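Only one structure is covered here, and it is reproduced in the block below.
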Amino acid sequence: ITQVLVYAGDYSTFVSVLNATGVGELFQRQANDTSKGISIFAPTNKAFTSEPAATLLKNVTDPNQIKSLVEYHALNQWSSLADLQQTNDTVFPTFASYNAPIGGNYRINVTFVNGVVRVLTAWNNVSVTNTPHNSFPVSIFSIDQVLIPVELFGNPAPSPAPSPSSPSPASGPSASSSSSSPSGSSS
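Numbered by the working numbering, the letters in the sequence shown go through residues 151 to 337 in order.
In structure tokens form, the structure reads like this:
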């Protein structure tokens with residue numbers, strides 16, 4: 151697994167984390183199990199410096215959390231690109247679903263929209279941008295963001311609600327009873 155990523159280039163950060171956590175060996179054992187295979191969503195180097203990962207990952211120091219984060223990037227079954235192109239809001243358990251020492255569901259949603267395979271989490275809407283390897287029993291799909299699990303980071307903060315529109319001067323009961331005129335309009 152790591153050799154394919156090294157030769158494909160642009161995955162050195164992910165390879166380093168795979169090796170440091172021992173998850174690379176776990177993924178390789180799964181790849182060697184030809185009855186199941188493995189599908190990996192490999193973030194590029196740039197993905198680790200892009201938001202929200204750049205901010206969120208700074209505070210992750212617990213080895214179990216790092217391991218779960220890496221395992222969140224793989225399915226414990228082989229799916230080809232053609233298989234993923236047939237998905238429509240399909241929820242998959244990830245390796246972390248089965249192995250996470252801190253518990254949780256660790257599921258991702260994969261869907262094919264407008265000719266693009268997308269991986270969706272509460273934090274991410276990620277495109278599969280490349281397929282460095284797509285042959286049974288291993289598929290490796292390049293993604294442009296690090297997948298962020300709610301099990302480790304909670305739900306993202308909601309977007310602020312749009313501010314209410316101010317009523318126009320001609321509307322509302324006070325507009326017809328107002329006797330003052332706008333100031334500062336001389337020119």
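We treat Cβ as the ideally placed atom computed from N, Cα and C, and that holds for glycine. These numbers come from a predicted model, not from an experiment.
- Taking C-beta atoms as the reference points, Gln235 and Phe262 count as a pair closer than 9 Å.
- Per DSSP, the unbroken alpha helix (DSSP H) holding Phe164 starts and ends at Ser162 to Thr171.
- The alpha carbon of Ser162 has as its nearest neighbour, out of Ile216, Glu175, Gly187 and Ala197, the alpha carbon of Ala197.
- Under DSSP, Thr240 forms a beta bridge with Val260.
- Cβ neighbours of Ala203 within its own chain (closer than 7 Å, five residues either side excluded): Ala197, Gln295, Val296 and Ile298.
- DSSP, reduced to helix, strand and coil, places Phe245 within a helical segment of the structure shown.
- Ile188 sits in a strand when the DSSP states are folded into three classes.
- Looking from the CA of Ser230, the closest CA among Asn195, Thr205, Val278 and Ser218 belongs to Val278.
- For Val210, the secondary structure class from DSSP, reduced to helix, strand or coil, is coil.
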